[in-house]
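Encoded as structure tokens, the structure appears first; notes follow it.
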Amino acid sequence: MNIEQLRADTPAVAQLIHFNNAGAALMPAPVIATMTRHIQREATFGGYEAAGQQAVELENVYSAISRLVNARPDEIAVIENATRAWDMAFYSLPLKTGDVVLTSTTEYAGNYIPYLQLKHKRGIEIRTIPNDEQGQVSLSALKEMLDDDRVALISLPVIATNGGPVQPIEQIGALARTAGVLFLLDACQGVGQMPIDVKKIGCHMLAATSRKYLRGPRGMGFLYVERALCQNLEPAFLDLHAASLLTADAYRIRADARRFENWECNVAAKLGLGAAVEYALAQGIEPMWQRIQQLAGYLRGQLAQIPGITPRDLGLQQSGIVTFTHRDSSAEQVQQWLAGQEKRINVSTSTARSTLLDMQNRNLLEVSRASVHAYNTEAEIDTMIAALRGLPNA
Numbered sequence: 025m026n027i028e029q030l031r032a033d034t035p036a037v038a039q040l041i042h043f044n045n046a047g048a049a050l051m052p053a054p055v056i057a058t059m060t061r062h063i064q065r066e067a068t069f070g071g072y073e074a075a076g077q078q079a080v081e082l083e084n085v086y087s088a089i090s091r092l093v094n095a096r097p098d099e100i101a102v103i104e105n106a107t108r109a110w111d112m113a114f115y116s117l118p119l120k121t122g123d124v125v126l127t128s129t130t131e132y133a134g135n136y137i138p139y140l141q142l143k144h145k146r147g148i149e150i151r152t153i154p155n156d157e158q159g160q161v162s163l164s165a166l167k168e169m170l171d172d173d174r175v176a177l178i179s180l181p182v183i184a185t186n187g188g189p190v191q192p193i194e195q196i197g198a199l200a201r202t203a204g205v206l207f208l209l210d211a212c213q214g215v216g217q218m219p220i221d222v223k224k225i226g227c228h229m230l231a232a233t234s235r236k237y238l239r240g241p242r243g244m245g246f247l248y249v250e251r252a253l254c255q256n257l258e259p260a261f262l263d264l265h266a267a268s269l270l271t272a273d274a275y276r277i278r279a280d281a282r283r284f285e286n287w288e289c290n291v292a293a294k295l296g297l298g299a300a301v302e303y304a305l306a307q308g309i310e311p312m313w314q315r316i317q318q319l320a321g322y323l324r325g326q327l328a329q330i331p332g333i334t335p336r337d338l339g340l341q342q343s344g345i346v347t348f349t350h351r352d353s354s355a356e357q358v359q360q361w362l363a364g365q366e367k368r369i370n371v372s373t374s375t376a377r378s379t380l381l382d383m384q385n386r387n388l389l390e391v392s393r394a395s396v397h398a399y400n401t402e403a404e405i406d407t408m409i410a411a412l413r414g415l416p417n418a
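Throughout, the numbering used here is defined as the position within the sequence shown, counted from one, plus 24.
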């Protein structure tokens with residue numbers, strides 16, 4: 025990869041070291057320019073008129089996303105964030121009393137809460153797939169659990185917000201297809217970081233965000249729904265964009281995945297998402313994935329050499345999200361210390377609030393999270409390691 029060009033496209037790297045890409049990555053210049061131009065159009069011509077001028081470009085957003093995940097454009101919905109995209113898919117499923125939802129210990133709490141809501145309202149059952157010895161979903165245990173014909177859905181993240189393993193999603197998808205069970209994949213930390221091919225994975229639905237490894241704007245995400253499934257799902261919410269009013273007593277839901285959208289959206293952010301996808305595709309997802317894994321491996325190796333620091337990542341395959349704990353300092357203290365360095369170093373804190381099951385299983389309350397991207401460098405990692413060695417009580 026042309027790291028110099030990646031960094032030239034990311035002006036903020038001159039002022040700070042950004043290891044919070046799993047939270048919100050730094051947007052590249054083409055994304056910023058796309059959004060800025062459209063905001064100026066809205067200011068000059070009016071919001072509706074500016075959107076009309078960009079009609080072709082807005083359609084191209086769907087084409088770009090479909091190429092990113094190997095789907096059809098009519099299987100893509102662009103939604104204001106990944107949480108709402110996931111919600112629109114999940115709440116459209118006709119889950120009923122006795123149906124079983126299988127998830128992982130690494131499930132995000134924001135997804136687990138809806139499971140509980142439907143457990144209380146509809147009587148569904150939630151079961152957690154055990155981990156194997158590497159800390160990822162046990163495929164043998166999953167296969168056995170799928171023998172229960174009450175299982176209606178597998179739903180889990182490809183990578184947890186607190187790091188952990190890259191789940192074996194292609195094998196999970198194959199088992200789901202064989203069992204005739206729907207598979208909803210939370211790809212928030214995967215899309216833009218690693219190759220995601222919905223056909224190879226075999227997932228029926230996938231939700232993702234713009235702001236993380238895709239390097240797009242906040243407040244934007246997308247949903248993939250397999251064409252054969254889409255027309256059998258009725259969204260929990262409908263408006264005049266998702267459906268048409270035919271008579272005083274009848275409406276018709278549109279046929280494509282945009283039935284999960286609503287009329288009003290942030291057009292500048294939508295165009296920014298499209299620009300981010302095009303930028304990622306131009307760099308190459310596979311080379312970026314290799315670069316991210318290389319940097320993350322280097323960071324883990326350096327962290328392991330600091331007395332008092334314990335790396336916390338599990339899994340046969342690991343991602344660009346690197347987590348650790350400090351014997352004498354809280355994760356918040358680590359975060360504040362690094363942020364206060366001469367060249368600010370951005371990391372984040374991941375708590376049990378977001379990944380309760382996994383953190384409880386590992387007896388952790390919190391971890392420090394440093395998430396690298398392809399535009400980061402080994403020299404930036406060395407700077408962070410030096411700063412950690414100078415941490416009070418280190």
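Cβ atoms here follow ideal geometry from the backbone N, Cα and C, with glycine treated the same way.
{"query": "Inter-residue Cα distance where the pair is P416 and V396", "result": "24 Å"}
{"query": "Three-way DSSP call (helix, strand, coil) for N186 in this model", "result": "coil"}
{"query": "Three-state class that DSSP yields for D210 in the structure shown", "result": "strand"}
{"query": "Straight-line Cα distance separating R283 from I89", "result": "17 Å"}
{"query": "Alpha-carbon to alpha-carbon, P331 and I137", "result": "38 Å"}
{"query": "Run of the alpha helix (DSSP H) containing Y303, from where it starts to where it stops", "result": "V291 to Q307"}
{"query": "Per-residue DSSP class, three states only, for L177", "result": "strand"}
{"query": "Residue from F348, V215 and S392 with nearest C-alpha to I309", "result": "V215"}
{"query": "Local conformation of H62 per DSSP, three classes", "result": "helix"}
{"query": "Sheet register partners of H228 (DSSP bridge)", "result": "Answer by DSSP bridge pairing: none, since H228 is not bridged."}
{"query": "Counterpart residues of R276 in DSSP-defined beta bridges", "result": "S268"}
{"query": "Cut-off 6 Å between Cβ atoms - residues of its own chain near D337, not counting five sequence neighbours on either side", "result": "G187 and T347"}
{"query": "Where S90 falls: helix, strand or coil (DSSP)", "result": "helix"}
{"query": "Cα-Cα separation between A411 and L362, rounded to whole angstroms", "result": "7 Å"}
{"query": "Option in A32, L40 and D33 with minimal Cα separation from R368", "result": "L40"}
{"query": "Residue nearest to A203 in terms of C-alpha spacing, selected from C212, A376, C227 and L82", "result": "C227"}
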